[in-house]
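Remarks on the structure that follows.
2 protein chains.
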Amino acid sequence: MDSKKVYFFGEGQAEGNAKMKDILGGKGANLAEMTNLGVPVPPGFTISTEVCSEYYANGEKYTKDFKDEAAVNLSRLEKLTGKRLGDPSDPLLVSVRSGAAVSMPGMMDTILNLGLNDKSVEGLAAKTGNTRFAWDSYRRLIQMYGEVVMGVAAGEFENAIKLLKTGKKIELDTELTSNDLQTLVNEYKKIIKKAKKIEFPQNPIDQMWGAITAVFGSWGNERAVRYRELNSITGLKGTAVNVQSMVFGNWGEDSGTGVCFSRDPSTGEKKFYGEYLMNAQGEDVVAGIRTPQKITTLEKKLPLIYKELVSIKDMLENHFKDMQDIEFTIQQGKLYILQTRNGKRAGEAAVKIALDMVKEGVIDKNTAVLRVESSHIDQLLHPRIELAARKKARPITRGLNASPGAACGKIVFNAKDAEELRKAGEKVLLVRQETSPEDINGMAASQGVLTSTGGMTSHAAVVARGMGTPCVAGASEAVVQGKKLIIGKKVFKEGDFLTIDGSTGEVYGEQLPLFSPTKISPELKTFLLWCDEIRAKTKRGDVEGFKIRANAERPEDAKRAIEFGADGVGLCRTEHMFFDKEKLIFFRAMILSDTTEERKAALKKILPLQKKDFAGIFKAMNGKPVTIRLLDPPLHEFLPHTKEEIEELAEYLGVPPKSLSPKIEKLREANPMLGHRGCRLAITYPEIYETQVEAIALAAAECVKKKIDVHPEIMIPIVISSRELKFIRPLVESVFKRVMEKTLCKIPIRIGTMIEAPRAAVTSARIAQYADFYSFGTNDLTQMTFAFSRDDAESFVPAYLEKNVLEADPFKTIDENGVGALMRYAIKEGRAVKPLLKAGVCGEHGGDPKTIDFCYRAGLNYVSCSPFRIPIARLAGAQAALRNSGA
Amino acid sequence: MDSKKVYFFGEGQAEGNAKMKDILGGKGANLAEMTNLGVPVPPGFTISTEVCSEYYANGEKYTKDFKDEAAVNLSRLEKLTGKRLGDPSDPLLVSVRSGAAVSMPGMMDTILNLGLNDKSVEGLAAKTGNTRFAWDSYRRLIQMYGEVVMGVAAGEFENAIKLLKTGKKIELDTELTSNDLQTLVNEYKKIIKKAKKIEFPQNPIDQMWGAITAVFGSWGNERAVRYRELNSITGLKGTAVNVQSMVFGNWGEDSGTGVCFSRDPSTGEKKFYGEYLMNAQGEDVVAGIRTPQKITTLEKKLPLIYKELVSIKDMLENHFKDMQDIEFTIQQGKLYILQTRNGKRAGEAAVKIALDMVKEGVIDKNTAVLRVESSHIDQLLHPRIELAARKKARPITRGLNASPGAACGKIVFNAKDAEELRKAGEKVLLVRQETSPEDINGMAASQGVLTSTGGMTSHAAVVARGMGTPCVAGASEAVVQGKKLIIGKKVFKEGDFLTIDGSTGEVYGEQLPLFSPTKISPELKTFLLWCDEIRAKTKRGDVEGFKIRANAERPEDAKRAIEFGADGVGLCRTEHMFFDKEKLIFFRAMILSDTTEERKAALKKILPLQKKDFAGIFKAMNGKPVTIRLLDPPLHEFLPHTKEEIEELAEYLGVPPKSLSPKIEKLREANPMLGHRGCRLAITYPEIYETQVEAIALAAAECVKKKIDVHPEIMIPIVISSRELKFIRPLVESVFKRVMEKTLCKIPIRIGTMIEAPRAAVTSARIAQYADFYSFGTNDLTQMTFAFSRDDAESFVPAYLEKNVLEADPFKTIDENGVGALMRYAIKEGRAVKPLLKAGVCGEHGGDPKTIDFCYRAGLNYVSCSPFRIPIARLAGAQAALRNSGA
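Protein chains in written order, with my numbering: chain A, 1 to 887; chain B, 1001 to 1887.
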């Protein structure tokens, strides 16, 4: 049945199943699976994703075969329900919903109540005995269809309803009478006619095809494309379309609709969790217009339904072996399940659910490790409000703790302002009554999101959790009016500071100090140890396991790295030690030396300071390797800039301030990134590296005498030729040897090189002869390979991403085809010379999960990243090992 | 005879010959050859270069086998001459000279008069009846031996002779009596004893071995190593050593010594040319202490000797089929030839000799083409003094026209100052009494060299000609005293301007305007047409021949390029058109536009200006391809800087000057080389490229209507991804097509890309799909691959070259191992997709002969360089074709 395009489901039997996500989409596959499981799913059929890809391939047209197959399935649905689409006395009504293989919340469009027209609306009214309901359903159809299928501006319909309510002096839609709605239907039809010069289609078959085409169209709309880009979703055929008979949560007071989770998606606790609204359609819950009730209150209201729902959610979780996110509708006291899917969850919940499910014997450890996402771990390490500040501060209101983590920033009231202010370098907090898919970029640009309406499953909450952006949703005391936020008597305007805590739901009317957590929870600790076990089983070159090291310059960074589970220090940037104001002046004196003698004198003062830092790091890393990179950046980065700084330095040096200016000017470079830096300084001023190596050697010797197990690795930056190493390696060795002889110590060192200039990668076969290890400086390698300056790329990379010229920001995720190809070449050529050559990555890519996956595949031995990224890297490393094990 | 280490020559028979340069060195091989030809060469033996390499390989020791073989050859020499080394009554005296396979003037050390000691000096005096001569020879031996073998400072001996002369109130060495010289010998021996705690060796065998060891030692000394580096001489085994019986040009008035050329080394005229000094040793001629006489005056003085010399030089030129540089000595009326070699020559001479020798039937065209060096062509295109200025100016003195070309600069009096001032960005002229090997770096740093003594074969003249640096030598009216140059009544001090003309020997006491020649001589034209014939025979991809194109932005550049023989324009940098002040303001208005509309309005004014330039270039290049690169550099390069410029622009734009500052600031970049430039501007502001393409298309259409044959090629700069081309190519095509339709023209265009970011090279397989041709932007490719900013590299590249970390400046000669490897990869991958993909090089490497050779080997179809380099590139292209033809 290769050519099968439409899959029926209904009455306990379905043509598809859960494994067919690729062609039925996530929603369709699960509707089929649930049907087969005997769950009460309203019957319908799913149009496969292949139809979508054919539709686009054929210039947005359908084949006859497909149209025939759809007609056959529609007949079958009519037969099964005993109703006919467009029947004036008892019409079959259907919903048309999108559903791709990957969930894209809010991105695709949905049409409900299809089948209603001027005649069948009367039939529905007669059949249900509820005229208001019938006209409300018809009104909703025309509005949705007008907007989504026919492209009429939403504002037109909203204006009409507003006018009507103002005229009648009422506030809520529910106050509109059956007659009002009938009037509105006529208004709406006029609006469509005026805007589009055609009538709202009265033929339900035309309506259905219009809706199907709109769903396919929405697959290619800008928002959906952007979402796929943002989330790097590629390789899909398209979206499926689900045509399903309608059930109504707004049939009356014994009807309702809701969303529930088989476990708490915020904490992971194993308890039934969800929300519902009586006499409402599903869109009302998700859109956040009315604030819904907790699922547990349903037990009192409809005990039998509640019991059925609980047993279904248990069955579904057991069946899918994961926490389920279930949409249900109650129509006149009967329960229908409209959708189930693996639920999105907050970081804490992800870890807890993974741990619990292993404990419960539902899944194994490997599955658990693959199920937690890097962004989950990221959330757990999100900023929080400093304890002292929190104690003193009083929240001005509370909302739902929709996405964990604290955020603080200047408030803005729309997505565009958020993006613009962010570009201008400000930290912003997006405040909205509710968010919609149009706000995605603005949310991504914000530190956090605050909404005044909507629940835990509102758009803002779902998207923010997915992004890992802190969010407080449904802060119902807050009123958003234009560019004002009113909370009680307080009025906040654009640019005012606000702090939110997405973990507690608290909102503070001021700027509070945040901190990033430095300890990890016992659950996360356990989970990460599982990750480490998996990593430890891999073999890479001469080292067991795929290691995660930290970038650390100060002893306290090294300590934190150990707490976060680092296997060593992969990058200690010696120059960072001089960002400390106290040390900076000595460094500046060194830079501005005129002669080798002056420089040596200045270096002499620097030596003990560096030694102390190195000793502290060695101590923290007892037993683990520490890779120290000798001075890298251009010297002028450390020069004094302000008048005060120049005067201070001049005083220290005992020279007139004016005499420093020409020297400072001379050190300025046109392209410092490509300038006099790194080991170039060792060729021109060997005494700098000599001093640094002496400090390392003395620190190592001192530690060894205190019984600390020291493994120094000295790394030469920005190498472009084996001849540089041929020159520098003996220099390093002789200084180290001299100190070892003097201190009577025997400490082995490794001397390696950064591979960060393309030439180093290209000439790797020669360079490997002089290097004990490689560390890929992917930041610089990306800069040189792309000819993109990190500092300047901001002016064109956004346009590149927007126009799809770049798939991803190459400074965030490694560019496999370009930079990655150079890395693979360097490794291949290097290991041809030195089979056990150790190789790693340092720089910010080291903490990016996709990059880590690449590094694993490329045969690297380790990645190194900032201490805060270590937990994520431990997870990503384990996942890379599992995914690429060939098992 | 594999293990043979020493080769005897003498009495018309030699064990070696001219083909054995590798093991006998150039001098030794030619001594052997001349001996076999019956030329009167003093007998001796040559120690092979293999001994030198063994000597270094064995920790600077000799093998017994070799020492035995040397002893056998010494006996043979003693037998042949009938004299014995150290014989107190009639000693055999020998010279010990170096001689590598490649001539290295002044680099290696020589010892003469070996065999003299306290006893044999008396024997020599008695035998020759010339006591003064004997003691002078002994004195010279001790001095040379002391300096070169024993390492005593030269100044010590000079002081002793100076003291003696002052005491006796005499000025010239020749005024010293036999007794004086005897005193000096004693002084000299004391100096050695004092400085080195050992005696000057009285045993002649010890003397000989000391001298041989010194020659080998000099192979490894800093000067020699530096010379080989400067001249990229690699792959040699070492130097040979020639031990030869002495003849004396200073025996008396019927003795003399000289250097002659079989043709004029400056002009190439077929006339006997040379200089000699009577009663002098060879070193006196070369060192330039006395100014020698013209060779033709020898005919009157010693007609028989002159006749013999003429017949020998004719025979040698005929035999070696090249112009010969011959050293001779006359001892007591008998002629000896001490050396012959292919003579170094000035550019004009090189071309003329090559043409003449083909005409004479001595060599074929291919040999002629291989015999002219790029530097020769370079010299022919050297700067000259502007005619008008020359007419007005009066030379203050004249010297020898030692190396052609005019030079102007601030004078300095030693090599160190020359290097330093040059580093500071000044043009300098080195003024010396005479130059020595220590001055090489200073000469290389200078625009030109002026010496007050020395002839056409003096160190300054030989080295300057080799370097292509203009030189006036032996300006005998000039007096150099410390840091003063005195000419007549005028005194010039450091920093004063001087202009010299190395083609005429004139010296001007002022700064004169220079110009570079724009026409080429008929001889050079003929020669270059031979080169073109050779190039035309090669086949590269879809194009016949290996093409030489020009970088040209203005119609006048294109015309000059055609005069110089360009095959087309390989690089027209559209932005260079705006360096013109008149056009710049429009361009600035475009850059500072706030909106697309403003930008389009500004571009509209630019369009006709660009069109006119393009049309002019197409016209000049009638029938030849013109590659136009769309806008490349970062926009901020064109911004106004001074207050006046900003005010002028503000007035034009009708805005207050202050309003421009923030915009200008915003465009500033941290690393502009890696910034918002090239096709990145087409992604962000497509209208810029659209306008440029429109101007190209309109210009092409206009030319076609005037019957001009137009071949536009549009080139996209700084591409990093095929997706950029996928975006830009349709844009270019549609604009071009629109103009073609409007103008009713059909002009084919090619659309290609620069390969200048490493990523472009790495992803070539993808990029080739969208490119009709590649042009390697080797300047930028070198910058990115090395992470060397051209603007900043000056601060460390000299140290890299000095410490031999870099073999050559990668911005001058392509780095084959790094940049070249990327280029080869890009070509291979690109042609795998598109077998006929045309590829070339533009940028400054395109005019470098070594790079051209690489480009030929790498399979490129063309190189493009500045119009002035076209003749050199035509030669280099032909030589590459000959060298790599496998024939």
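Quick reminder that beta carbons are idealized off the backbone N, C-alpha and C, glycines included.
Counting only runs that start and end inside the region 1141 to 1189 of chain B, the alpha helix (DSSP H) elements of at least 4 residues fall at 1154 to 1168. Per DSSP, the continuous beta strand (DSSP E) segment holding Gly1570(B) begins and ends at Val1569 to Arg1573. For the region 795 to 816 of chain A, the set of positions with a beta-carbon nearer than 8 Å to some beta-carbon of chain B reads Ser795, Phe796, Ala799, Tyr800, Lys803, Asn804, Val805, Leu806 and Asp815 in chain order. For a Cβ distance threshold of 9 Å, residue set Pro1758, Thr1785, Asn1817, Gly1818, Val1819, Ala1821, Leu1822 and Tyr1825 of chain B lies close to Val762(A), ordered along the chain. Cα atoms of Ala1464(B) and Tyr1652(B): separation of roughly 52 Å, rounded to the nearest angstrom.
Using a Cβ-Cβ cut-off of 8 Å, Thr1684(B) is close to Ser795, Phe796 and Ala799 of chain A, given in chain order. Inclusion of Ala1682(B) and Tyr1689(B) in the CB contact set at 7 Å is warranted, their separation being smaller than that value. Taking each of Gly1405(B), Glu1702(B) and Asp1496(B) in turn and checking the Cα distance to Ser1503(B), the smallest one comes out for Gly1405(B). A check of alpha carbon separations from Thr1778(B) across Leu1744(B), Val1863(B) and Pro1798(B) identifies Val1863(B) as the nearest. As summarised for the region 1704 to 1782 of chain B, the continuous beta strand (DSSP E) elements at least 3 residues long and confined to that stretch are 1711 to 1716, 1750 to 1755 and 1773 to 1777, given in chain order. Pairing Arg759(A) with Pro1657(B), the inter-Cα distance amounts to about 45 Å. Proximity of Gly1167(B) to chain A, defined by a Cβ-Cβ separation below 7 Å, is not satisfied. Burial state of Ser266(A) is buried, judged by a 10 Å Cβ sphere holding 16 or more other Cβ atoms. Here Phe1586(B) carries a helix assignment [DSSP, helix/strand/coil]. Secondary-structure assignment with DSSP links Val1006(B) through a beta bridge to Ile1047(B).
Of the residues assessed, Ile852(A) falls on the buried side of the cut-off, its CB having 16 or more other CB atoms within 10 angstroms.
When Leu1277(B), Ile1312(B) and Asp1284(B) are compared, the shortest CA-CA separation from Ile1295(B) is found for Leu1277(B). Chain-ordered, the chain A residues with CB closer than 7 Å to the CB of Arg1680(B) read Phe796. Nearest in C-alpha terms to Asn1401(B), of all of Lys1391(B), Val1449(B) and Asp1496(B), is Val1449(B). Comparing alpha carbon positions, the residue from Ser1593(B), Ser1089(B), Asp1439(B) and Leu1141(B) closest to Ala1126(B) is Ser1089(B). Look at Phe1009(B): its C-beta is not under 7 Å from any C-beta on chain A.
Residue-level contact check: Asn779(A) does not touch chain B, since none of the beta carbons of chain B fall below 7 Å from its beta carbon. Sixteen is the threshold: since fewer than 16 other Cβ atoms of the shown chains lie within 10 Å of the Cβ of Ala1388(B), the residue is exposed.
Taken in chain order, the complete beta strand (DSSP E) segments of 3 or more residues contained in the region 1326 to 1385 of chain B are 1334 to 1342. For Met315(A), none of the residues of chain B pass the 8 Å Cβ criterion, the least Cβ distance being about 48 Å. Rounded to the nearest angstrom, the gap between the Cα atoms of Gly26(A) and Pro625(A) is 46 Å. The Cβ atoms of Phe413(A) and Val428(A) lie no closer than 7 Å to each other. Contact note: Pro1662(B) does not reach chain A at a C-beta cutoff of 7 Å; the least C-beta distance is about 13 Å.
As the crow flies, the alpha-carbon of Ala1839(B) is around 9 Å from that of Asp1772(B). Within chain B, no C-beta atom comes nearer than 8 Å to that of Ser476(A); the closest sits roughly 43 Å away.
The Cβ atoms of Leu837(A) and Ala765(A) lie no closer than 7 Å to each other. Under the 7 Å criterion on CB atoms, Leu1037(B) is classed as non-interfacial with respect to chain A. Among the residues facing chain A, Asn1671(B) is included, as its CB has a counterpart in that chain under 7 Å away. Val1462(B) and Glu1360(B) have their C-alpha atoms some 27 Å from each other. The three-state reading of DSSP puts Ala808(A) in coil, since its state is none of H, G, I, E or B.
Listed along chain B, no residue sits closer than 7 Å to Gly59(A) by beta-carbon distance, the nearest being about 19 Å off.
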